[in-house]
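Student:
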Amino acid sequence: MPTILITGGHSGIGLECSRQLASFYGLNLVLGGRSLERMEPVAQELRTKYGVKVSTIKLDTSSLASVRAAAAQCRNMLDNGEIDSLQGIICNAGVRLNGPVSYTSDGYEEAFATNYLGHFLLVELLFDRVSDQGRIVYTASGTHDPDTVDGRMLGIAAEYDAIGLANIGKDGKKPPNAAKLYATSKLCMILYAYELDRRLRKSGSTIASIAYDPGLTSGTGFLRAMPKPMQRLSDSSFMNWVLKRTGVTMGSVDFSGKALAKITADSTYAKGSGKYFQSNDGKLIETRSSKLSYDEKRALKLWNDTKTLVHLKPNEEPAELRRR
Ligand SMILES: NC(=O)c1ccc[n+]([C@@H]2O[C@H](COP(=O)([O-])OP(=O)(O)OC[C@H]3O[C@@H](n4cnc5c(N)ncnc54)[C@H](OP(=O)(O)O)[C@@H]3O)[C@@H](O)[C@H]2O)c1
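Mapping the sequence shown onto this note's numbering, position 233 (from 1) lands on 233, and the numbers just tick up by one.
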C-alpha cells in the first residue's frame with residue numbers, strides 16, 4: 001500500500017489530514033516530527049481505527065542534521081520493505097514564533113529554517129524515492145500575499161533573499177517582527193514549490209508539486225507562542241465572525257485538514273502541479289498566490305541560495321531537479 005510522509009501530521013491541520021488519508025484513502029503513513037512521544041499515540045489511533053501501517057520518525061525540520069538523519073531512515077525503511085512505496089510528501093510542519101529573533105543549531109533564523117529550509121532539504125533527499133504520479137504538497141499561508149487582508153493584517157512578506165533571511169538580525173539592524181518573518185518563510189515556500197514544478201515539467205517527471213493555504217484556522221497549536229489571552233480570543237467564535245467579515249480567508253481544522261488530504265491523494269488534483277489551492281469558508285478553491293510568488297528569477301536565486309544554506313552535496317541533488 002502506498003505511503004505518505006507528513007511533517008507535523010500528529011496535530012492540528014496535519015492530524016486531521018493524517019486521519020483522512022488513513023480512513024478515506026486507506027493510505028499508510030510516516031509521521032515525521034520532533035517528539036516520538038507526541039506522535040506515537042496518534043500513530044496508535046490510526047493503526048487501531050483504520051488498520052493502516054503508521055511509522056513515526058524523529059524529524060526536526062529546523063535542524064539540517066535531523067532532516068538528513070530522517071531522510072536516511074526513510075530510505076532504509078523503503079529498502080527493507082517497512083514502507084512499500086513513497087506516494088507523497090506533505091511539508092506541513094510550521095511555526096509562527098513570537099518575541100525576539102531566535103536561531104537554530106545551524107545558526108539560521110528559526111521560522112525560516114523550520115518552515116522552509118528543512119522541507120527543501122527533505123524533498124531533495126527523498127525525491128528519487130517518490131513514486132511516479134506522486135505528489136509533494138506544501139502547507140503555505142495566505143499571509144504571504146500583501147495584496148490580501150490576510151497579508152496586510154499579519155505582517156507583509158517582503159524579504160526574499162535566502163541568505164539574508166537565514167541570518168536576519170545578525171547585522172545589528174532591527175529585524176522584522178515575527179509575523180513578517182513567518183509570512184516571508186511561506187512566500188519562500190511557494191516560490192520554491194513553483195520552481196520545483198518547473199523543474200519537474202522540464203525533466204518530464206510525473207510528480208506534482210502543489211502549494212496550499214489552509215486559511216486562518218483556530219483550534220490548532222499554531223498560536224502557542226502567543227500570550228494565552230490572545231490564543232483564547234483567536235479561538236472564540238466572535239473573533240472568527242469578525243475576521244470573516246473583514247475578508248480574512250477562513251479555514252477550520254476539519255475542513256482544512258481534509259482538503260490537504262484531498263490535494264495529496266485525490267485523483268481530481270493529479271494535474272495540480274504548480275498551482276495554489278486555498279480553503280476558504282468551507283470551499284477548496286484554486287486561486288492565485290501573490291504577484292511576487294510567480295517571479296521566476298527570484299525563485300531561481302532562492303533555489304540556488306538555499307542549496308548553499310543546506311550544504312547540499314552534488315550527490316544529494318536528484319538529476320531531475322538540477323537545472324531547468
Ligand atoms: N492555523 C492557522 O491559522 C494556519 C494558517 C495558515 C497556515 N498554517 C500552516 O499550517 C501548518 C500546520 O499548522 P497548524 O495550524 O496545524 O498548527 P500546529 O497544530 O501547531 O501544527 C504545527 C505542526 O508543526 C510541527 N512542528 C513545529 N516545529 C517543528 C519542527 N522544528 N520540526 C518538525 N515539526 C515541527 C508541530 O509539532 P510539535 O508537536 O513538535 O510542536 C506541529 O505538529 C503550518 O505549516 C502552518 O504554518 C496554519
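We put the beta carbon where it would ideally sit given N, CA and C, even for glycine. All figures in this text were calculated on a predicted structure; none of them were measured in a lab.
Between the segment 274-284 and the segment 231-242, do three or more beta carbon pairs fall short of 8 Å?
Tutor: Because the criterion of three Cβ pairs below 8 Å is not met, the segment 274-284 and the segment 231-242 do not touch.
Student: Within a Cβ cutoff of 8 Å, which residues of the same chain sit near I263, ignoring the five residues on either side of it in sequence?
Tutor: For the purposes of this step, residue 263 is identified with residue 263 of the sequence shown, where counting begins at 1. Taken in chain order, the residues that qualify are R135, V137, I210, Y212, Y269, G272, F277, L284.
Student: Looking at V95 and ligand 1, is the gap between the Cβ and the nearest heavy atom below 7 Å?
Tutor: Residue mapping note: residue 95 aligns to position 95 of the sequence shown, counting from 1. It does: the Cβ of V95 is within 7 Å (strictly closer) of some heavy atom of ligand 1.
Student: My assumption, with CB atoms under 8 Å, is that T306 sits in contact with A162. Please give the rounded CB distance.
Tutor: Here the question's residue 306 lines up with position 306 in the sequence shown. Here the question's residue 162 lines up with position 162 in the sequence shown. With a Cβ gap of about 5 Å, T306 and A162 count as contacting.
Student: I'd like to confirm something about I285: is its beta-carbon nearer than 7 Å to some heavy atom of ligand 1, or not?
Tutor: As a working mapping, residue 285 is identified with position 285 in the sequence shown. Not so, every heavy atom of ligand 1 lies at least 7 Å from the Cβ.
Student: Got a sec, what are the start and stop residues for the beta strand (DSSP E) D213 sits in?
Tutor: In the sequence shown, residue 213 corresponds to position 213, counting from 1. 208-213 is the extent of the beta strand (DSSP E) around D213.
Student: Return yes when the C-beta of R34 is under 7 Å from any heavy atom of ligand 1, and no when it is not.
Tutor: For the purposes of this step, residue 34 is taken as residue 34 along the sequence shown, with counting starting at 1. Correct: R34 has its Cβ closer than 7 Å to ligand 1.
Student: What are the complete alpha helix (DSSP H) segments, minimum 4 residues, inside the segment 216-295?
Tutor: Segments of the alpha helix (DSSP H) lying fully in the segment 216-295: 228-235, 237-246, 253-265.
Student: When you measure from the CB of D235 to every non-hydrogen atom of ligand 1, does any distance come out below 7 Å?
Tutor: Within the sequence shown, residue 235 is the residue found at index 235, counting from 1. False, no ligand heavy atom lies under 7 Å from that Cβ.
Student: Hey, quick one: how far does the alpha helix (DSSP H) through I190 stretch, first residue to last?
Tutor: Position 190 of the sequence shown, counted from the first residue, corresponds to residue 190. Note, I190: alpha helix (DSSP H), 178-203.
Student: How big is the Cα-Cα spacing for E317 and G26?
Tutor: Here residue 317 is taken as the residue at index 317 of the sequence shown, counted from 1. Here residue 26 is taken as the residue at index 26 of the sequence shown, counted from 1. One C-alpha to the other measures close to 31 Å.
Student: In the structure shown, what three-state DSSP assignment does G26 receive?
Tutor: Counted from its first residue, the sequence shown places residue 26 at position 26. DSSP places G26 in coil when its eight states are reduced to three.
Student: Considering only heavy atoms of ligand 1, does any lie closer than 7 Å to the CB of D60?
Tutor: To locate residue 60, count along the sequence shown from 1; it is residue 60. D60: yes, Cβ under 7 Å from ligand 1.
Student: Check for me: the alpha helix (DSSP H) holding R135 runs from which residue to which?
Tutor: By 1-based counting over the sequence shown, the position of residue 135 is 135. Not the alpha helix (DSSP H): R135 falls in the beta strand (DSSP E), residues 130-139.
Student: Under DSSP, the alpha helix (DSSP H) around S66 begins and ends at which residues?
Tutor: Reading the sequence shown from its first residue, position 66 is the one you call residue 66. Start and end: 64-79.
Student: From T249 to D150, what does the alpha carbon distance come to, in whole angstroms?
Tutor: Taking the sequence shown and counting its residues from 1, the one referred to as residue 249 is at position 249. Taking the sequence shown and counting its residues from 1, the one referred to as residue 150 is at position 150. Cα to Cα, T249 sits roughly 7 Å from D150.
Student: Under a three-way DSSP split, which group does E110 fall into?
Tutor: Taking the sequence shown and counting its residues from 1, the one referred to as residue 110 is at position 110. If DSSP states are grouped into helix, strand and coil, E110 belongs with the helices.
Student: Sorry if obvious, but does the Cβ on N240 come closer than 7 Å to a heavy atom of ligand 1?
Tutor: Counted from its first residue, the sequence shown places residue 240 at position 240. No, ligand 1 has no heavy atom inside 7 Å of this Cβ.
Student: Taking the continuous beta strand (DSSP E) assigned at G88, which residues delimit it?
Tutor: Position 88 of the sequence shown holds residue 88. Unbroken beta strand (DSSP E) run through G88: 85-91.
Student: Say the cut is 7 Å; is the CB of G12 nearer than that to a heavy atom of ligand 1?
Tutor: Within the sequence shown, numbered from 1, the residue matching residue 12 stands at position 12. Yes, Cβ of G12 sits closer than 7 Å to a heavy atom of ligand 1.
Student: In whole angstroms, what separates the C-alpha of S85 from that of M77?
Tutor: Mapped onto the sequence shown, residue 85 falls at position 85. Mapped onto the sequence shown, residue 77 falls at position 77. Their Cα atoms are separated by approximately 10 Å.
Student: Let's see if you can read the secondary structure: which residues bound the beta strand (DSSP E) around V42?
Tutor: Looking up residue 42 in the sequence shown gives position 42. Segment 36-50 is the alpha helix (DSSP H) holding V42; no beta strand (DSSP E) there.
Student: Along the chain, where does the alpha helix (DSSP H) containing V123 start, and where does it finish?
Tutor: Numbered from its first residue, the sequence shown carries residue 123 at position 123. Taken as a continuous stretch (DSSP letters only), the alpha helix (DSSP H) holding V123 covers 118-126.
Student: With respect to 7 Å, is the separation between the Cβ of R152 and the closest non-hydrogen atom of ligand 1 below this value?
Tutor: Numbered from 1 along the sequence shown, position 152 holds the residue referred to as residue 152. No; taking the cut-off as 7 Å, the Cβ of R152 has no heavy atom of ligand 1 nearer than that.
Student: Where does T143 sit, in a helix, a strand or coil, going by DSSP?
Tutor: Counting from one through the sequence shown, the residue named residue 143 turns up at place 143. Reduced to three states, the DSSP call for T143 is helix.
Student: Using only the heavy atoms of ligand 1, determine whether one of them is closer than 7 Å to the beta carbon of N98.
Tutor: The residue labelled residue 98 in the question sits at position 98 within the sequence shown. Answer for N98: no, Cβ out of range of ligand 1.
Student: May I ask you to check if the CB of N28 is nearer than 7 Å to at least one heavy atom of ligand 1?
Tutor: By 1-based counting over the sequence shown, the position of residue 28 is 28. Checking the Cβ of N28 against ligand 1 gives no.
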